[in-house]
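Participant: Residue numbers (this note's numbering), protein chains in the order written: chain U, 1 to 110; chain H, 111 to 224.
Virtual Cβ for every residue (Gly too), placed ideally from N, Cα, C.
All values reported here derive from a predicted model rather than from experimental measurement.
This is the structure in structure tokens:
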């Protein structure tokens with residue numbers, strides 16, 4: 001599975017949009033982009049995933065570039081409860097072993 | 111619906127002992143995976159089981175073993191514990207191993223080896 005590169009940390013003001021970038025320049029055609037987050041000492045929580053098209057659900061939006069070499073997770077209105085480590089993962093299947101990397105620590109500031 | 115459950119929540123062992131961690135998947139999920147998360151790092155894949163068969167193994171020594179039962183619950187066993195085995199052990203379940211469906215994680219078992 002392709003590896004990803006994420007900034008180690010980001011801050012976001014409460015109520016503003018949080019935009020978390022991820023580079024995955026070696027992604028192959030049949031690999032999906034998955035996003036998980038992990039709030040302190042809890043199990044990772046699935047957020048969203050996509051292949052080519054932009055995706056949106058009740059938690060977030062996922063924007064994937066046309067060449068699929070990078071993506072951005074958008075939390076439209078960040079709250080303090082969104083403070084967590086966010087992991088971008090590229091995988092052929094979300095149900096198999098996932099390589100988490102070190103993620104981006106997002107801190108939402110009041 | 112109940113999510114993935116794990117037991118115990120916390121465990122303290124000494125070097126050389128063995129430990130058994132347990133996981134119950136979401137109802138209807140037949141695949142269970144185990145991950146180890148050392149402090150400050152992301153989770154690292156240990157095993158995946160599907161229909162009681164091992165489907166994948168990460169880069170862990172033979173001291174680590176697992177099994178899956180007919181009801182799809184799973185156990186992770188670690189023998190001859192080392193200090194470096196101290197970690198959060200996470201269990202995740204999914205419908206099947208080849209699905210684009212996601213994995214759903216339990217709260218984890220915090221293992222401390224003294």
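List the residues of chain H that residue 34 of chain U touches, going by C-beta distances under 8 Å, in chain order.
Facilitator: Per Cβ cutoff of 8 Å: 212.
Participant: Does the segment 139-155 of chain H come into contact with the segment 78-97 of chain U, if we say contact requires no fewer than three beta-carbon pairs (one atom in each stretch) closer than 8 Å?
Facilitator: The segment 139-155 of chain H vs the segment 78-97 of chain U: in contact.
Participant: Going by DSSP, name the residue or residues bridged to residue 155 of chain H.
Facilitator: Residue 155 of chain H is bridged to H:145.
Participant: Quick one: residues in its chain with C-beta nearer than 8 Å to the C-beta of residue 53 of chain U, no 5 flanking neighbours on either side, listed in chain order?
Facilitator: If we look at residue 53 of chain U and ignore the five residues flanking it on each side, its Cβ neighbours are 64.
Participant: Flag this pair as yes or no: are the beta carbons of residue 146 of chain H and residue 199 of chain H separated by less than 8 Å?
Facilitator: A contact, by the Cβ cut-off of 8 Å.
Participant: Mapping the DSSP letters down to three states, classify residue 80 of chain U as helix, strand or coil.
Facilitator: The answer is helix: DSSP assigns residue 80 of chain U an H, G or I state.
Participant: Excluding the 5 residues preceding and the 5 following residue 39 of chain U in the sequence, name in chain order all residues of the same chain whose CB lies nearer than 6 Å to its CB.
Facilitator: Here the set comprises 84.
Participant: Of the residues H:212, H:123 and H:144, which one's Cα is nearest the Cα of residue 189 of chain H?
Facilitator: Measuring from the Cα of residue 189 of chain H, the nearest candidate turns out to be H:123.
Participant: Would you list, in chain order, the members of the segment 12-32 of chain U that have their beta-carbon closer than 8 Å to a beta-carbon of chain H?
Facilitator: Residues 32.
Participant: With DSSP run on the structure shown, which of helix, strand or coil describes residue 194 of chain H?
Facilitator: The answer is helix: DSSP assigns residue 194 of chain H an H, G or I state.
Participant: According to DSSP, which residues form a beta bridge with residue 48 of chain U?
Facilitator: Answer is U:35, bridged to residue 48 of chain U.
Participant: Is it true that the CB of residue 31 of chain U sits closer than 8 Å to the CB of residue 91 of chain U?
Facilitator: Yes. Within cutoff.
Participant: Strictly below 7 Å CB to CB, what residues from chain H border residue 42 of chain U?
Facilitator: In chain order: 217.
Participant: Comparing the C-beta of residue 103 of chain U with each C-beta of chain H, is any distance below 8 Å?
Facilitator: Closer than 8 Å: yes.
Participant: In chain H, what lies closer than 8 Å to residue 75 of chain U by C-beta?
Facilitator: Neighbours of residue 75 of chain U on chain H: none; closest Cβ ~18 Å, over 8 Å.
Participant: Report the residue from U:100, U:22, U:41 and U:29 whose alpha carbon sits nearest the alpha carbon of residue 219 of chain H.
Facilitator: Per the Cα distances, U:41.
Participant: What is the DSSP secondary structure of residue 11 of chain U, counted as helix, strand or coil?
Facilitator: In the structure shown, residue 11 of chain U sits in a strand (DSSP, three-state: E or B).
Participant: Spell out a yes or no on whether the segment 42-61 of chain U and the segment 125-134 of chain H are touching, meaning 3 or more CB-CB pairs, one atom from each, closer than 8 Å.
Facilitator: Touching, no.
Participant: Give me the DSSP bridge partner(s) of residue 134 of chain H.
Facilitator: DSSP lists H:115 as partners of residue 134 of chain H.
Participant: Can you tell me the Cα-Cα spacing of residue 179 of chain H and residue 201 of chain H, whole angstroms?
Facilitator: So the alpha carbons of these two residues sit roughly 15 Å apart.
Participant: With 7 Å as the C-beta to C-beta threshold (strictly closer), list the residues of the segment 154-188 of chain H near chain U in chain order.
Facilitator: From the segment 154-188 of chain H, only 155, 158, 166 and 168 have a Cβ closer than 7 Å to chain U.
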